[in-house]
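**Student:** Chains as they are written, first to last, in the working numbering: chain A, 1 to 443; chain B, 1001 to 1313. For glycine and all other residues, C-beta sits at the position ideal for the given N, C-alpha and C. Bear in mind the structure is a predicted one, so any value in this text is a computation, not a measurement. Sharing a structure here in structure tokens format.
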Amino acid sequence: MALSGLDIYKLLPKTNCRQCGFATCLAFAMQLAKKTVAIEKCPFISPEAKSILEAQALPAIKLITLGSQESKFDIGNETVMFRHEEKFRNPAGVGFIIEDGLSDTEIRERLRKINQLKFERVGQQLSVNLVALKQNKDASRYLEAVKLLLDNTTLPMMLMSKDLAALKQAVIISQERKPLLYSAQQENFAQIGALAKEFQLPLVVMAQDIDQLRRLTKELNGLGVNELILDTGIKPLADKIWDLTQLRRQALKRSNRALGYPTLAIVEQTDPYLEAMEAGAYIAKYAGLVLIKGWSSWEVLSILTLRQNIYTDPQKPLQIDPKLYSVGQVNRDSPVLVTTNFSLSYYTVLGEVEASKIPAYILSVDTQGMSVLTAWAAEKFNAEAITKSLETCGVKEVIRHKDLIIPGYVAMISGDLQDQSGFRIIVGPKEAAGIPAFLKKLN
Amino acid sequence: METQLVLEKWPGVVSTVVIGAKKEAGGSRGNTVTIGGQNSLPLLFKEGAIPHKPIIAFEIWDIAPQDWPDELISAYGKAINDPLAWAEKCVNEFKAELLCVKMQGTHPDFGNKSPEKAAKFISLLLSKVRVPLIIIGSGDDAKDNLILPACSEAARGERCLIGCAVQDNYKTLVASVLADGHSIIAESPIDINIAKQLNILISDMGLSLERIVINPTIGALGYGLEYAYSIMERARLAALSGDKTLASPFICFIGQEAWKSKEARVSVEQGIIWEALTATSLIQSGTDLLIMRHPQAAQKVNNYIENLFKDKE
Ligand code: SF4
């Protein structure tokens, strides 16, 4: 919970000595609340007050970086329970569990497929984040498998082993990659904590029960281990959602520091559909890292798309540059379709025009990221706006016809638009899916 | 010190809507479906009552579908060309608990079926299957104002759910639904204020809030899903905080949106997972009724719902 200026004022010496550069302690407190000055500016602040103020300046959920170099990613630092309250900040990592019992060929093949799981949607790159290696065999096999991972993927790694000696060996050969260790539990936290501390590695803390989890993280903090991820183990779906919700609430509503870390959810489902649906629930409800086993591109694409949706900033719809775009080998007779500069509208139209294999121009009008109907209602996608855009985008110089295709949903502007722009208006389909058939008929 | 759980108790409760009427209630359905009634956020069973599971209704049309991709058509085989056989297949083979029939054939561009023919079709359908019905117009406002009253009358006493009423076209439908003992779907364009306003307008005409279901209008996974997701979360939070005018269950047209996507036409697996994940994500934001198209997607989502509600009832 953020402290107000007045709350902070109560912690200051109240002498108005001006050493901080402000006329009064209150003025200084107000700036501290806005986080525009550093506490150190006041030389007279008590150590207790200082530690309270420092703690409240930290994020409620710690930001944890996993991996190293280019493929590293951040999770945590979340500030809200619902995305409409502001936004979700750091997209949940999506990782894959591989077991060391697979043959070398199988591991290589699986990694090759996982490395290829890259997609582009709505102008953004979607990719997977991590590979977790689980130990089922002996220490020497585990080390061989770690080497296979090191040689065959650049993705961040997670080492899952109950055998501390094997884990240490694995850490020694993979420390450059900053692997995430799994997991500290009641019976081993001191030893695995020491390992995490020695090599400066992040560590998963695991306990079925939230209070037990809090005690373990306190112990680990006491040992100087602070890069933590929380896990309450594998549970029925609704119980897991409850845990993840509770952990987020503890951090945000109770400022419970011991539980102010990102969370992990492991999906145990053999059916790829159930696996994707469960992973989706955890992404929507607060997991910082989700581990699955399936690697089919259709399954992973659906999960990554959901993550993209959930982590889109509700205040800032994705926009593209409003201008004239050409698709394929266009010529002076190519059709011109008009849409908004809301990314989703543009990319949906683009996808369908590409699918039609008919070269065309797409004119994206500046609607400040609003979709077709919303922009029409706000008068940003009306006859005036489209006419203005037609005048300035340079389309008249590249085509020799005067036909313009508008979205079916704004058929009502045809008359006005025709009068104002001088273009002949053709009403296109309401749904983008109808574009290929429409363009073919037009040809 | 023990960790104190953060528990949220809500003063509000989502209204309970029953679809279908058995003989003793003046209808002829073999079963009824009840939705709503929760006073907790979705799936947080420890905080309040969640008395009813989300329910899947299979979408069928009164004509053979025109623009459905092959991946979808092939799941039904020949039956899809005969709406009554299609309906029976959904119930007998895919165990549909209720059906959502879209009267697409009444649309001026899709056969322009007359109100009499539409009513006849509904009567036939009611005699063929014994599950409750959701009846949807073709989306042509003027035509819907003619055919939906006819369908409503043909199904009098069967407690159907009929839609969709929209802000500038609701009066005719409300009057029919009131007269024939049905419930109504109130559709708003991803807008919480319009949803609220429309519920008020409809209840002002005398239809109680217990007979309204909100269609918040959704986008599929990757096609604006997050807008509806957040509108639903906001509306549900308002309802639980005590706003009765937003305390209606939600209906989401999952199949219709998911099968419009380009991904759904890539492969049958991609299509099924697209529909299934759209469905479960919206369960997470509070939907009560899911209108779905692919039997396998419906089956997967049913499994998911079973998992969620295991030992929770
Ligand atoms: S230096 Fe400290 S005590 Fe002096 S005015 Fe500033 S805040 Fe107050």
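1. Quick one: using the 10 Å Cβ neighbour count with 16 as the cut-off for buried, is B:S1074 buried or exposed?
2. Measuring straight from C-alpha to C-alpha, what distance separates A:G76 and A:P59?
3. With the cut-off set at 8 Å, would you say B:Q1167 and B:L1198 are in Cβ contact?
4. Under 8 Å between C-beta atoms, does A:Y273 make it to chain B?
5. Are any of the Cβ atoms in chain B nearer than 8 Å to that of A:M1?
6. Expressed to the nearest angstrom, what Euclidean distance is found between the alpha-carbon atoms of A:P436 and A:S345?
7. Quick one: what does DSSP say A:S4 is sitting in, helix, strand or coil?
8. If we cut at 8 Å on Cβ distances, does A:K62 have a partner in chain B?
9. So if DSSP puts B:I1251 in a beta bridge, which residue, or which two residues, is it bridged to?
10. Can you list, in chain order, the residues of its chain with a C-beta nearer than 6 Å to that of A:F423? Leave out the 5 residues immediately preceding and following it.
11. Output the distance between the C-alpha atoms of A:E227 and A:M206, rounded to the nearest integer angstrom.
12. Let me confirm a value: B:C1252 is counted as buried when at least 16 other C-beta atoms fall within 10 Å, else exposed. Which label applies?
13. Name the chain A residues that come within less than 7 Å of B:I1162, Cβ to Cβ?
14. Let me know the secondary structure DSSP gives B:I1305 once reduced to three states.
15. Taking a contact to mean a Cβ-Cβ separation below 8 Å, would you say B:G1222 touches A:N309 in this structure?
16. Tell me which residues of the stretch 1106–1140 of chain B have at least one Cβ-Cβ distance to chain A shorter than 7 Å, keeping chain order.
17. Enumerate, from N- to C-terminal direction, the unbroken alpha helix (DSSP H) stretches of 4 or more residues contained entirely within the stretch 251–325 of chain A.
18. What runs of the beta strand (DSSP E), each 3 residues or longer, lie entirely inside the stretch 1085–1150 of chain B?
19. Per the contact definition of three or more C-beta pairs closer than 8 Å, is the stretch 79–86 of chain A in contact with the stretch 137–147 of chain A?
20. Considering only heavy atoms of the ligand SF4, does any lie closer than 7 Å to the CB of A:F342?
21. What are the uninterrupted segments assigned as alpha helix (DSSP H) that are 4 or more residues long and contained completely in the stretch 31–103 of chain A, given in chain order?
22. Is the Cβ of A:N382 closer than 8 Å to any Cβ of chain B?
23. Using a 10 Å radius around the Cβ and a threshold of 16 neighbouring Cβ atoms, would you call A:C17 buried or exposed?
24. Taking B:D1168 as part of the alpha helix (DSSP H), name the residues at either end of that continuous run.
25. Beta-carbon distances below 6 Å to any heavy atom of the ligand SF4 define the shell here; list its residues in chain order, please.
26. Taking C-alpha atoms, which residue in B:K1022, B:A1057, B:D1067 and B:T1287 lies nearest to B:R1265?
27. DSSP state of A:F199, grouped into three classes?
28. Is there at least one Cβ from chain B nearer than 8 Å to A:V392's Cβ?
29. Return helix, strand or coil for B:K1009, following the three-state DSSP convention.
30. Kindly indicate if chain B contains any beta-carbon less than 8 Å away from that of A:Q69.
31. Pull up the distance between the alpha-carbon of A:L252 and that of B:K1089, whole angstroms please.
32. Return the residue from the list A:P202, A:Q185 and A:E120 that minimises the CA-CA distance to A:K72.
33. Tell me the start and end of each unbroken beta strand (DSSP E) in the stretch 1023–1078 of chain B that is at least 3 residues and wholly inside, in chain order.
**Tutor:** Short version:
1. exposed
2. 9 Å
3. yes
4. It does: the Cβ of A:Y273 has a partner Cβ on chain B nearer than 8 Å.
5. At A:M1 the pLDDT is 49, less than 50, meaning the model places this residue with poor confidence; the figure from the coordinates comes in the next sentence. Taking Cβ atoms only, chain B never reaches closer than 8 Å to A:M1, which makes this a no.
6. Answer to the nearest angstrom: the Cα atoms are 16 Å apart.
7. coil
8. Chain B contact via Cβ: absent.
9. Looking at the DSSP assignment, B:I1251 forms a beta bridge with B:L1289.
10. K402 and L404
11. 14 Å
12. buried
13. Here the premise fails: no neighbours, minimum Cβ distance about 23 Å.
14. helix
15. yes
16. none
17. 272–284 and 297–310
18. 1099–1102 and 1133–1136
19. no
20. no
21. 47–57
22. no
23. exposed
24. Note, B:D1168: premise wrong, no alpha helix (DSSP H); not H, not E.
25. A:L12, A:P13, A:T15, A:N16, A:C17, A:R18, A:Q19, A:C20, A:F22, A:C25, A:F28, A:C42 and A:F44
26. B:D1067
27. helix
28. The amino acid occupying residue 392 of chain A in the given sequence is Thr; Val does not appear at that position. Not flagged as an interface residue toward chain B: A:T392, since no C-beta distance is shorter than 8 Å.
29. coil
30. no
31. 50 Å
32. A:P202
33. If only uninterrupted beta strand (DSSP E) runs of at least 3 residues are considered, those enclosed by the stretch 1023–1078 of chain B are 1033–1036 and 1055–1061.
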